[in-house]
Amino acid sequence: MALIQIASPDPLTRRRVARALDAGGYSTIEVEGALEVLRVAFDARPAGAVIDLMTDGLDGIELVRLLRAACDIPILCVAPDGDVNLIAEALDNGADDVVERSCPVQEILARMRATMRRYAQRRSDGEPAREISTGSLVIDREAKLVTKRGVAIQLTRTEFRLIDALATRVGEVVMHEDLLRQVWGAEYVDDKHYLRIYVGYLRAKIEEDSAKPIYILNEWGIGYRLASLPLEHRATEAA
5 MALIQIASPD PLTRRRVARA LDAGGYSTIE VEGALEVLRV AFDARPAGAV
55 IDLMTDGLDG IELVRLLRAA CDIPILCVAP DGDVNLIAEA LDNGADDVVE
105 RSCPVQEILA RMRATMRRYA QRRSDGEPAR EISTGSLVID REAKLVTKRG
155 VAIQLTRTEF RLIDALATRV GEVVMHEDLL RQVWGAEYVD DKHYLRIYVG
205 YLRAKIEEDS AKPIYILNEW GIGYRLASLP LEHRATEAA
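Using the working numbering, the first residue of the sequence shown is number 5, and each one after it goes up by one.
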């Protein structure tokens, strides 16, 4: 049974949405504040989220952006009635759908089902494997773990999101804008210095010689590529 987290500062709103989703075949977890939303996202790994944009603790748009950067799940937002600018901003920052606060709970259930179906279809059409291997690296996307010759490499969440974005298209060039959008959010597509900094961090941790990388390669002016190397390839053999 898919777990959906419901975030709102109003307990009555949380309860009525939870009842509708429970009746629709989902299990639910209710949270009040934005920081708890992020904690639940990492700890409980819900399959989807209903987020009131007035949730306490963070600006609602910032919460959506952080949640989207943290996990790839359906995000349905609840916005104040008539606030078309906020609705557009939520969609631009990672929300999959937005409803107004006065909409019936049956509509929230229907929209969540539709969004979940789209995600399921996308995964069945071309979801990358749980584990992606290249050379001596193994990227376990579900466990959020990277190992090299069987030894775990300690990465920050942002570093993992970056290597994961590259690994899902291993051997292909991923454009700067796509990486920035996927790892940091749509509003960061022009901040290429973020990529240079974090690619440097990753190379220092996974390459034999970060000055002569064989894994994360720079395609000048275009993007970066995670090289598709023969399994168990040793950097010393390529020197």
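Beta carbons: idealized from backbone N, C-alpha and C, even for Gly. These figures come from a predicted structure and were not determined experimentally.
Residue environment, residue i, which counts as buried when at least 16 other CB atoms sit within 10 Å
| i | result |
| --- | --- |
| residue 241 | With a pLDDT of 36 at residue 241, under the threshold of 50, the modelled position of that residue is not reliable, and the figure given next carries that caveat. It is exposed - the Cβ of residue 241 has fewer than 16 other Cβ atoms within 10 Å. |
| residue 150 | buried |
| residue 155 | exposed |
| residue 88 | exposed |
| residue 201 | exposed |
| residue 5 | exposed |
| residue 86 | exposed |
| residue 92 | exposed |
| residue 158 | exposed |
| residue 100 | buried |
| residue 139 | buried |
| residue 243 | Confidence at residue 243 is low in this model, with a pLDDT of 32, below 50, so the placement of that residue should be treated as unreliable; the coordinate-derived value is given next. Label assigned to residue 243: exposed. |
| residue 175 | exposed |
Rounded C-alpha distance that separates residue i from residue j
| i | j | result |
| --- | --- | --- |
| residue 163 | residue 115 | 33 Å |
| residue 227 | residue 220 | 10 Å |
| residue 47 | residue 109 | 27 Å |
| residue 237 | residue 145 | At residue 237 the pLDDT is 40, less than 50, meaning the model places this residue with poor confidence; the figure from the coordinates comes in the next sentence. Distance between the alpha carbons of residue 237 and residue 145 is about 21 Å. |
| residue 122 | residue 224 | 35 Å |
| residue 148 | residue 137 | 14 Å |
| residue 231 | residue 173 | 10 Å |
| residue 160 | residue 20 | 37 Å |
| residue 197 | residue 25 | 42 Å |
| residue 32 | residue 183 | 32 Å |
| residue 239 | residue 62 | Low per-residue confidence applies at residue 239: pLDDT is 39, beneath 50, and the placement is therefore not dependable, though the value from the model is reported in the following sentence. One C-alpha to the other measures close to 45 Å. |
| residue 212 | residue 199 | 20 Å |
| residue 168 | residue 181 | 15 Å |
| residue 166 | residue 205 | 11 Å |
| residue 30 | residue 40 | 20 Å |
| residue 141 | residue 214 | 15 Å |
| residue 50 | residue 188 | 21 Å |
| residue 234 | residue 152 | 14 Å |
| residue 22 | residue 177 | 42 Å |
| residue 44 | residue 78 | 15 Å |
| residue 80 | residue 71 | 12 Å |
| residue 76 | residue 185 | 13 Å |
| residue 54 | residue 192 | 24 Å |
| residue 104 | residue 98 | 17 Å |
| residue 124 | residue 179 | 26 Å |
Cross-strand partners of residue i (DSSP beta bridge)
| i | result |
| --- | --- |
| residue 9 | 33, 53 |
| residue 89 | None; residue 89 has no bridge partner. |
| residue 151 | 142, 156 |
| residue 228 | 178, 222 |
| residue 137 | 142 |
| residue 104 | 83 |
| residue 60 | 37 |
Inter-residue CB distance, residue i and residue j (contact presumed, cutoff 8 Å)
| i | j | result |
| --- | --- | --- |
| residue 190 | residue 96 | 6 Å |
| residue 102 | residue 83 | 5 Å |
| residue 217 | residue 207 | 5 Å |
| residue 171 | residue 143 | 4 Å |
| residue 52 | residue 8 | 5 Å |
| residue 56 | residue 119 | With a Cβ gap of about 16 Å, residue 56 and residue 119 do not count as contacting. |
Worksheet item: For the region 12-25 against the region 34-46, are there 3 or more C-beta pairs whose distance is under 8 Å?
Response: Counting C-beta pairs with one atom in each stretch, the region 12-25 and the region 34-46 have three or more that are closer than 8 Å, which means they touch.
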